[in-house]
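Colleague: Sequential numbering of the sequence shown, starting at 1, is according to full-length UniProt numbering.
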Amino acid sequence: MEVWYMTDEQKKMIEKLNEDNRKLNDVNKGMKEYAKYKLVVGILVVTIIIVLFFVQHNT
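1) Run through DSSP, which three-state label would MET13 get?
2) Helix, strand or coil for VAL45 per DSSP?
3) Could you tell me the distance, in whole angstroms, from the CA atom of MET6 to the CA atom of ASN21?
4) Using the Cα positions of ASN25 and HIS57, report the straight-line distance between them to the nearest angstrom.
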């Protein structure tokens, strides 16, 4: 069985990839929160428009 050792350059590359991955995960979490916020606001706006339409239509 052959043992494989990483060079310093490979270790640095893996560390950089791990750091980039962590940053992407943080951005992804932020985007998900932003999307949830926008979805809730959109649903509220549509609901308000529908309610106002029916209130105006019935009077």
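Glycine included, C-beta positions come from ideal geometry on N, C-alpha and C.
Modeller: By the coordinates alone:
1) Three-state DSSP puts MET13 in a helix.
2) Residue state, collapsed to three classes: helix.
3) Looking at the two C-alpha atoms, the distance is approximately 20 Å.
4) ASN25 and HIS57: Cα-Cα distance of roughly 48 Å.
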